[in-house]
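*Asks:* For reference, each letter of the sequence shown is one residue, going 1 to 413 in the UniProt record's numbering. Think of the CB as a built atom: it goes at the ideal place given N, C-alpha and C, for glycine as much as any other residue. None of the values given here were measured: they were computed from a predicted structure.
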Amino acid sequence: MYVSHVALDDFRSYRQIVATLVPGVNVLSGPNGQGKTNFVEAISYLANLSSHRVGAESALVRANPDGTKANAAVIRLKVCQGERERILELEIVSSKPNRARINRTAVRPRELAYELKTVIFAPEDLQLVRAEPALRRKFLDEGVAAWRPTLSQLKTDYEKVLRQRGALLKDLKSGRADSYAQSTLEVWNGQLATLGAQLTIARENLVAQLLAPTQKAHNKIASQGREIFLAYQRQVDKTIAPEKEIEETRDLAQRLQAAMAQREREEIARGVNLIGPHRDDLEIKLDHLPVRGFASHGESWSVALALKLGLYEVLGGQSEDRSERPVLILDDVFAELDSYRRAALAEIISGAEQVLITTAEASELPESLDAHHISVRRDPQAGSIFLETETLPVDGPVEETKTEATGEQGSAS
């Protein structure tokens with residue numbers, strides 16, 4: 001699959017813009033601060049309903065010069081898959097539910113995941129292997145939703161019950177709870193255990209699929225023959241150890257519920273949920289040593305990139321049908337790589353249906369990389385962003401340059 005057209009209204013720094021992309025490699029180049037990352041973020045956000053840069057959706061809605069916000073940000077994409085074409089639209093309204101349409105028909109936003117798959121790697125992803133477990137849980141949950149879209153609602157349902165149970169625990173701690181609180185807590189325990197077991201198994205299944213392609217990608221990027229270990233760590237095991245090496249969803253749910261009962265007094269005393277996959281982690285090791293705390297910057301970068309390339313393959317990156325392959329987005333990646341790793345990455349992405357690359361310097365890309373080039377420039381006086389396109393090998397002669405769209409002018413439909 002590939003994105004052929006992008007239209008943005010009031011998204012980040014873009015007031016209005018329409019741009020054309022092509023299958024194969026698309027390179028967006030220009031000085032930092034021009035809007036390259038904002039452009040690819042919009043595509044990734046529509047597919048995943050999550051930003052790799054911020055947690056609050058309000059940051060995605062364009063700010064006016066006087067500090068006020070636009071009413072909403074709108075992302076429209078034309079997606080091609082074989083001979084099939086469809087228009088995907090997502091409207092982001094601050095503090096309100098998103099609205100989505102497919103071919104102008106209203107749908108639930110999560111249904112967009114069935115129509116477009118993307119994998120993005122950006123400098124922020126270095127924290128995937130270095131920071132706290134929350135980022136690794138987010139990586140797994142987004143991966144599960146893209147890999148098995150039917151499970152995209154699972155995390156939302158789990159978090160809803162988690163919040164309600166947490167509120168009840170706080171009431172019990174403060175003494176504000178009514179006489180039915182204990183029976184209500186038991187109901188929440190059952191629901192949280194059931195959803196938690198389903199979420200845990202889904203994550204573990206994804207980790208099992210990730211290991212081999214992640215190792216393969218790392219072998220190509222790092223070229224050192226070092227072994228990667230991925231292991232999902234269940235927090236509940238510290239309270240009640242599993243009796244079986246392979247545990248069914250029902251058995252895990254029963255164990256989660258038993259652990260909640262065992263630590264109920266502690267949970268009430270602290271007013272927080274202590275049991276469940278919201279406290280799990282993905283352990284990542286390089287040659288038996290945790291990447292977090294032991295790996296160098298370069299080693300960490302290679303492992304993080306390999307994880308994302310592994311996810312790309314799990315989502316269909318090596319499918320014989322090119323139209324099944326996700327859109328791969330590499331945001332300012334080549335600047336962090338030496339010449340060997342740049343060449344290796346270029347070889348890996350050569351089979352992709354579509355790749356979007358952002359870079360401050362096109363000279364950072366391997367000379368052999370044939371690409372559709374888009375030069376991104378901001379006019380500070382007019383407040384506009386201009387996209388100029390040319391198709392040529394990197395460092396080759398400029399054959400054609402034309403204005404494709406502007407930030408302030410042009411239709412967004």
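Is ILE275 helix, strand or coil by DSSP?
*Replies:* Looking at ILE275 - three-state DSSP - the assignment turns out to be coil, as it is neither helix nor strand.
*Asks:* Check the DSSP bridge columns for ARG290 and list the partner residues they point to.
*Replies:* What sits at residue 290 in the sequence shown is Pro, not Arg. DSSP, once it has assigned bridges, lists LYS285 as partnering PRO290.
*Asks:* Check TYR180 in the structure and name its three-state DSSP category.
*Replies:* Correct three-state label for TYR180: coil.
*Asks:* First and last residue of the beta strand (DSSP E) that includes ILE246?
*Replies:* First-last for ILE246: undefined, no H or E at that position.
*Asks:* Any idea if VAL61 is buried or exposed, counting beta-carbon neighbours within 10 angstroms, 16 or more meaning buried?
*Replies:* VAL61 comes out buried.
*Asks:* If distances are taken between C-alpha atoms only, which option among GLU347, ARG250, LYS160, ILE201 comes closest to TYR232?
*Replies:* Of GLU347, ARG250, LYS160, ILE201, the residue nearest in Cα terms is ILE201.
*Asks:* Is the segment 35-51 touching the segment 102-120 in the sense that three or more CB pairs, one from each, lie closer than 8 Å?
*Replies:* The segment 102-120 vs the segment 35-51: in contact.
*Asks:* What is the DSSP secondary structure of ASP331, counted as helix, strand or coil?
*Replies:* DSSP places ASP331 in strand when its eight states are reduced to three.
*Asks:* Could you say which of LEU154, THR239, VAL207, GLN235 lies nearest to ILE228 if we only look at CA atoms?
*Replies:* The candidate whose alpha carbon is nearest that of ILE228 is VAL207.
*Asks:* If you draw a straight line from the C-alpha of ASP338 to the C-alpha of VAL376, how long is it?
*Replies:* Distance between the alpha carbons of ASP338 and VAL376: 25 Å.
*Asks:* Quick test of the definition: if touching needs 3 or more C-beta pairs under 8 Å, does the segment 180-190 touch the segment 139-147?
*Replies:* At 8 Å Cβ cutoff, the stretches do not touch.
*Asks:* Could you tell me the boundaries of the beta strand (DSSP E) in which LEU309 lies?
*Replies:* Not the beta strand (DSSP E): LEU309 falls in the alpha helix (DSSP H), residues 297-312.
*Asks:* So the candidates are ASN189, ALA371, GLU247; which of them puts its Cα closest to the Cα of ALA259?
*Replies:* Nearest C-alpha to ALA259: ASN189.
*Asks:* In three-state DSSP terms, what is ASP10?
*Replies:* The answer is strand: DSSP assigns ASP10 an E or B state.
*Asks:* Distance check for PHE39 and ASP370, CA to CA, integer angstroms please.
*Replies:* C-alpha separation (whole angstroms): 21 Å.
*Asks:* Roughly how many angstroms lie between the CA atoms of LEU392 and SER363, to the nearest whole one?
*Replies:* Residue placement at LEU392 cannot be trusted, given a pLDDT of 40 that sits under 50; what the coordinates show is reported in the next sentence. Each residue's Cα considered, the two are about 13 Å apart.
*Asks:* Return the chain-ordered ranges of every alpha helix (DSSP H) run that is complete within the segment 168-223 and spans a minimum of 4 residues.
*Replies:* Runs found: 181-222.
*Asks:* Which residues does DSSP pair with THR239 in a beta bridge?
*Replies:* According to DSSP, which records beta bridges pairwise, THR239 is partnered with nothing at all.
*Asks:* Take SER87 and list the residues in its own chain whose beta-carbon comes closer than 6 Å to its own, dropping the five residues that flank it on each side.
*Replies:* A small correction: the amino acid at residue 87 is Ile; Ser does not occupy that position in the sequence shown. Within the same chain, ILE87 has close Cβ partners LYS78, ASN103.
*Asks:* Between the C-alpha atoms of ILE92 and LYS69, what's the straight-line distance to the nearest angstrom?
*Replies:* Taking the straight line joining both Cα atoms gives about 12 Å.
*Asks:* Could you pull the start and end residues of the alpha helix (DSSP H) that THR37 belongs to?
*Replies:* Note, THR37: alpha helix (DSSP H), 36-48.
*Asks:* Buried or exposed for SER302, going by 16 or more other Cβ atoms inside 10 Å?
*Replies:* Counting Cβ neighbours within 10 Å, SER302 comes out buried, since at least 16 surround it.
*Asks:* Taking the alpha-carbon positions, what's the THR239 to HIS278 distance?
*Replies:* Roughly 15 Å between the two C-alpha positions.
*Asks:* Got a sec, what are the start and stop residues for the alpha helix (DSSP H) LEU140 sits in?
*Replies:* Residues 133-147.
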